[in-house]
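Residue numbers (the UniProt record's numbering): 1 to 125.
Note that beta-carbon positions come from the ideal geometry of N, C-alpha and C, so glycine has one too.
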Amino acid sequence: MAQADKLEADVELNAPADNFYKIFTAKHTMFPMPLIVFTQLRFMKEKADVDEANKTITFTAVEGHVLEQYKSYKAILRVIPTGDGGLVKICVEYEKLKADDPPPSKYLDILVSVVKDVDAHLVKA
Numbered sequence: 001m002a003q004a005d006k007l008e009a010d011v012e013l014n015a016p017a018d019n020f021y022k023i024f025t026a027k028h029t030m031f032p033m034p035l036i037v038f039t040q041l042r043f044m045k046e047k048a049d050v051d052e053a054n055k056t057i058t059f060t061a062v063e064g065h066v067l068e069q070y071k072s073y074k075a076i077l078r079v080i081p082t083g084d085g086g087l088v089k090i091c092v093e094y095e096k097l098k099a100d101d102p103p104p105s106k107y108l109d110i111l112v113s114v115v116k117d118v119d120a121h122l123v124k125a
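This is the structure we're talking about:
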């Protein structure tokens, strides 16, 4: 049986944390998410759960290519206000289907990139 594991990253925000949080909590329930992974367009359907009290959004994979390698996949974003900006704590929780499957580092990298891009957009706005 495969073991559950996790990858983590922190990203500093220059934009106000509340504005960033609102971007990710507006109108999310279940939707297909297009991803470009190593130049291939792939889709993943995920369920989004929002914890307003802790400013946490949990995306759980329910369909798609990510479940070809992982029994379970969850991406958790926790937005923490700090002064004028904030901090986003990203945690990817996963369970491999096979022990020799690689960790989902590329998905963590995509999440870090998305957080940085949204932050840059909000700073310009």
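Simplified DSSP assignment, three categories, for residue i
i, result
"residue 17", "helix"
"residue 52", "coil"
Span separating the alpha-carbon of residue i from that of residue j
i, j, result
"residue 51", "residue 76", "11 Å"
"residue 78", "residue 123", "19 Å"
"residue 121", "residue 45", "25 Å"
"residue 65", "residue 48", "18 Å"
"residue 90", "residue 9", "5 Å"
"residue 17", "residue 112", "15 Å"
"residue 88", "residue 98", "30 Å"
"residue 15", "residue 117", "11 Å"
"residue 82", "residue 13", "9 Å"
Unbroken alpha helix (DSSP H) run spanning residue i, endpoints
i, result
"residue 120", "105-124"
Exposure label - residue i; buried when at least 16 CB within 10 Å
i, result
"residue 125", "exposed"
"residue 57", "buried"
"residue 62", "exposed"
"residue 119", "buried"
"residue 86", "buried"
"residue 74", "buried"
Continuous beta strand (DSSP E) stretch holding residue i: start and end
i, result
"residue 128", "The chain is shown from 1 up to 125; residue 128 falls before or after that span and cannot be answered."
"residue 79", "70-82"
| request: Pair every Cβ in the region 101-108 with every Cβ in the region 18-28, then say whether three or more of these pairs are closer than 8 Å. | output: Result no; under three Cβ-Cβ pairs closer than 8 Å.
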